[in-house]
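Residue numbers (my numbering): 35 to 623. Quick reminder that beta carbons are idealized off the backbone N, C-alpha and C, glycines included. Model, not experiment: these values are computed from the prediction.
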Amino acid sequence: MGRTAMQELAGLGVSPGIAIGRAVCILCRRDDVYRFPLAAEEIDGEIARFREAVEVAAAELDGIRARADRELGDELAAVFDAHAVMLRDRTFLDRVEERIRAEEVNAEWAVHETAGELQERFDRLEVEHFRQRRDDLRDVVLHLLRALGGIGHHELSEIEGDVVIVADDLTPSEAVRLGRERVVAFAVETGGRTSHTTIIARSLNIPLVAGLAGVTRQVTDADPVIVDGSEGRVVLHPTDAALLDYRERRRLRRLHEDELGRLRSLPSVTRDRIAVELLANIDLPEEIEDAVRFGAAGVGLYRSEFLYIEKSPALPTEREHFDLYRSLVERVQPHPVIVRTYDLGGRKLAREVMDTREENPVLGLRGVRLTLARPEIFRVQLRALFRACAFGDLRVMLPLVSGLEEVREFKAFCEKIFDDLEAEGARYSREFPLGVMIEVPAAVLIAGELAQEVDFMSIGTNDLIQYSMAVDRNNEHVAHLYRPLHPAILRMIGSTVESARRAGIEISICGEMAADPRVAPVLVGLGLRNLSMRPRAIPEIKRRLRCLEASEWGEISRRLLTLGTAGEVDRELDRQLEALAPAEAAEAP
Ligand code: PEP
Ligand code: MG
35 MGRTAMQELA GLGVSPGIAI GRAVCILCRR DDVYRFPLAA EEIDGEIARF
85 REAVEVAAAE LDGIRARADR ELGDELAAVF DAHAVMLRDR TFLDRVEERI
135 RAEEVNAEWA VHETAGELQE RFDRLEVEHF RQRRDDLRDV VLHLLRALGG
185 IGHHELSEIE GDVVIVADDL TPSEAVRLGR ERVVAFAVET GGRTSHTTII
235 ARSLNIPLVA GLAGVTRQVT DADPVIVDGS EGRVVLHPTD AALLDYRERR
285 RLRRLHEDEL GRLRSLPSVT RDRIAVELLA NIDLPEEIED AVRFGAAGVG
335 LYRSEFLYIE KSPALPTERE HFDLYRSLVE RVQPHPVIVR TYDLGGRKLA
385 REVMDTREEN PVLGLRGVRL TLARPEIFRV QLRALFRACA FGDLRVMLPL
435 VSGLEEVREF KAFCEKIFDD LEAEGARYSR EFPLGVMIEV PAAVLIAGEL
485 AQEVDFMSIG TNDLIQYSMA VDRNNEHVAH LYRPLHPAIL RMIGSTVESA
535 RRAGIEISIC GEMAADPRVA PVLVGLGLRN LSMRPRAIPE IKRRLRCLEA
585 SEWGEISRRL LTLGTAGEVD RELDRQLEAL APAEAAEAP
């Protein structure tokens, strides 16, 4: 099949599944325009598309000129004559066409690169006249790219078939937007196991391989690309045999998922009849259907910042918040829905909200710190939440809490909002359970005190690991140090569970650890009875729980806590999991 020898690239398999498609390269760190490698037989068509776009852009410029003439007078309108001349400049047009042919790429990319080259040349010339030409060129390129359809956002509507996004970097919001188009997989140079982009890919059930250094430069032709997010592999120029093999693996995987779905109606209990509630983490509202389908006992974490991310740059209105929260509660009742207040900041749109640049945003204005600092934004969300609380079991949870003051300040702020709602005669409730996320080491150490202030706590291990191990969860260079089974992490979980138990409040875990079938028995052993995870992970975790004895895993976990390294924990855990194999073989499916 491929013109070049098959090539396998190894990365971090962070969102499972297998997909095959044609690559579209996105260089987010540099450009707004995607690169789409073409097959030789597609080149002539692409050049025709480019020529058509030139005509469309020319007509658009003519229209603008005529309007400017009418409204501004001939002298000012003459500026647009320069644009029209430049758009017809043969040297420019020929260079773009040459690039499409020589590099076998889409017209948007060829226009963008050629204009970049010319702009550099203009920049080097000191003469004012050329600087103006550079500005004209920028304008003309914008018209051309718009006519081609590939500007600003990566517009994939012109591309047929399944698309594999190959990117140098990918923000969570780009992943949401692209994931809703015909994108079947992501292959990214950066990233980590619990980055928010990874979490979004998992939510959308799209395989993602991260940490693929240089992959955007390696994809240069139209051959299909295979992405195996389970094994962390990307295959370029696959042979026919490899394509067949991966299609078969994909089929078997889907079959296995369907079979696991049959566990839906079985209770989530261990062999010694200890009930373990499995709840859903929801990022995008449509996932609520998966939560119901896979039998979630409620929503353990709704990441409300994604409502903001989807509406950005606009802020969601009170009505939009309210409608969403109410629909979530009504959809899963009688089960609860835990809405986490905005956890913006860090890598999630802090700049757009705060209008500031931070040197180190992950240690900056994030989570509850940011919302308390921006009461005008927070008020809108809280008003909607308290109104929606009147429609079912809605619970409110604060992210990234590091001290009691934040909880107290929040409560004082709520009082003001209650007063407003009361004065307006609105239907609302002030009787909702309040919880905090335990995701910074300081919160673990004061969990006993926090437990006196709130009704429940949820351990966010994605951040807890990041902040305790000093390992950026988004950084592929230190991904090997991101060890959920490090004894320090297990001890922190154990101690938080103990603090909650002593205070008599509910404790759950909603970090990605809860969705890992290897780790779930340890969490049960450490005393957790509420695990929240992406809905699709529920059946596999349920199957595992139904095969184990909680009391036995209590002993095993206590032993794991005494070990000194993550490696030792890993080995001991593997030994213990092997012993589960016969029981699992007997369990459906
Ligand atoms: C966590 O930190 O574990 C968590 C669940 O929150 P998020 O992944 O959104 O930071
Ligand atoms: Mg977190």
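Please report how far the alpha carbon of residue i lies from the alpha carbon of residue j, in whole angstroms.
i, j, result
"VAL261", "PHE220", "8 Å"
"SER264", "LYS450", "49 Å"
"ALA53", "ALA92", "40 Å"
"ARG211", "GLU458", "38 Å"
"ALA141", "ARG281", "32 Å"
"ILE185", "LEU312", "Residue placement at ILE185 is poorly supported in this model, since its pLDDT is 47, which falls under 50; the coordinates still yield a value, given next. The straight-line gap from Cα to Cα measures roughly 43 Å."
"VAL119", "ARG158", "22 Å"
"CYS423", "GLU354", "15 Å"
"LEU428", "PHE490", "13 Å"
"LEU43", "ASP257", "15 Å"
"ARG578", "LEU242", "25 Å"
"THR351", "SER566", "28 Å"
"ARG298", "GLY329", "5 Å"
"MET35", "LEU61", "Bear in mind that the predicted position of MET35 carries a pLDDT of just 46, short of 50, making it too unreliable to give a figure here."
"GLU589", "VAL310", "18 Å"
"VAL553", "MET547", "6 Å"
"GLY437", "ILE240", "37 Å"
"ALA39", "ASN315", "42 Å"
"VAL499", "PRO518", "Before going on, a small fix: residue 499 reads as Ile here, not Val. Rounded to whole angstroms, ILE499 to PRO518 spans 7 Å at the Cα level."
"GLU393", "SER338", "25 Å"
"TYR359", "ILE199", "32 Å"
"PHE425", "PHE444", "22 Å"
"ARG374", "PRO206", "17 Å"
"ILE543", "ILE572", "14 Å"
"VAL175", "GLU410", "40 Å"
"GLU612", "ARG307", "22 Å"
"GLN415", "ILE343", "14 Å"
"VAL470", "LEU607", "30 Å"
"HIS187", "HIS177", "Residue placement at HIS187 is flagged as unreliable, the pLDDT there being 49, under the threshold of 50; the coordinate-derived value follows with that caveat. About 15 Å."
"VAL435", "ALA477", "7 Å"
"PRO395", "LEU378", "10 Å"
"GLY45", "VAL268", "8 Å"
"ASP115", "GLY398", "49 Å"
"GLY225", "ARG507", "8 Å"
With residue i as the anchor, note down where its beta strand (DSSP E) starts and where it stops.
i, result
"PRO50", "Unbroken run through PRO50: none, as it is neither H nor E."
"SER361", "It is not in any beta strand (DSSP E) - SER361 instead sits in the alpha helix (DSSP H) that spans 352-366."
"ARG214", "That residue, ARG214, is in no beta strand (DSSP E); it is neither H nor E in DSSP."
"PRO475", "Counting along the chain, PRO475 falls outside any beta strand (DSSP E), though it belongs to the alpha helix (DSSP H) covering 475-479."
"PHE490", "490-493"
"ILE199", "197-201"
"VAL259", "258-262"
"VAL470", "468-472"
Which residue wins for smallest C-alpha separation from residue i, given the options the options?
i, options, result
"GLN252", "GLY332, ALA422, GLU223 and GLU320", "GLU223"
"LEU246", "GLY482, ARG172 and GLY47", "GLY47"
"THR304", "ALA256, GLY598, ASP608 and SER585", "SER585"
"LEU127", "ARG172, ARG155 and ILE81", "ILE81"
"VAL217", "ASP78, CYS59, ARG525 and GLU147", "CYS59"
"ALA74", "SER346, ALA275 and ASP255", "ASP255"
"GLY380", "GLN610, ALA181 and PRO433", "PRO433"
"ARG421", "GLU456, MET503 and ASN508", "GLU456"
"VAL88", "VAL145, ALA102 and ALA116", "VAL145"
"ALA504", "PHE447, VAL531 and GLU473", "GLU473"
"PRO50", "LEU178, ARG413 and ILE233", "ILE233"
"GLY55", "LEU277, ALA244 and HIS520", "LEU277"
"ARG413", "LEU397, GLY398 and ASP453", "ASP453"
Have a look at the DSSP bridge pairing and note the partners of residue i.
i, result
"GLY107", "Its beta-bridge partners do not exist; DSSP assigns none."
"CYS59", "ARG69 and VAL200"
"GLN41", "LEU270"
"GLY225", "According to DSSP, which records beta bridges pairwise, GLY225 is partnered with nothing at all."
"TYR336", "ILE316 and VAL373"
"ALA247", "Beta-bridge pairing links ALA247 to no other residue."
"LEU178", "Per DSSP, none; premise fails for LEU178."
"LEU242", "SER49 and PHE220"
Taking the continuous alpha helix (DSSP H) assigned at residue i, which residues delimit it?
i, result
"ASP292", "274-295"
"SER237", "230-237"
"ALA615", "615-620"
Checklist line | Every unbroken beta strand (DSSP E) inside the region 546-602 [3 residues or more] | finding: The beta strand (DSSP E) runs of length 3 or more contained entirely in the region 546-602 are, from start to end of the chain, 564-567.
Item checked: Unbroken stretches of the alpha helix (DSSP H), 4 residues or longer, contained in the region 112-139 -> 113-121 and 124-137, all fully within the region 112-139.
Next item on the list: Mind listing, in chain order, the continuous alpha helix (DSSP H) runs of no fewer than 4 residues lying wholly within the region 390-460?
Entry: Correct list: 401-407, 409-422 and 438-458.
Item checked: Unbroken stretches of the beta strand (DSSP E), 3 residues or longer, contained in the region 490-545 -> List check, beta strand (DSSP E) in window: 490-493 and 540-543.
Next item on the list: Return the chain-ordered ranges of every alpha helix (DSSP H) run that is complete within the region 299-329 and spans a minimum of 4 residues.
Entry: Within the region 299-329, the complete alpha helix (DSSP H) runs of at least 4 residues are 321-327.
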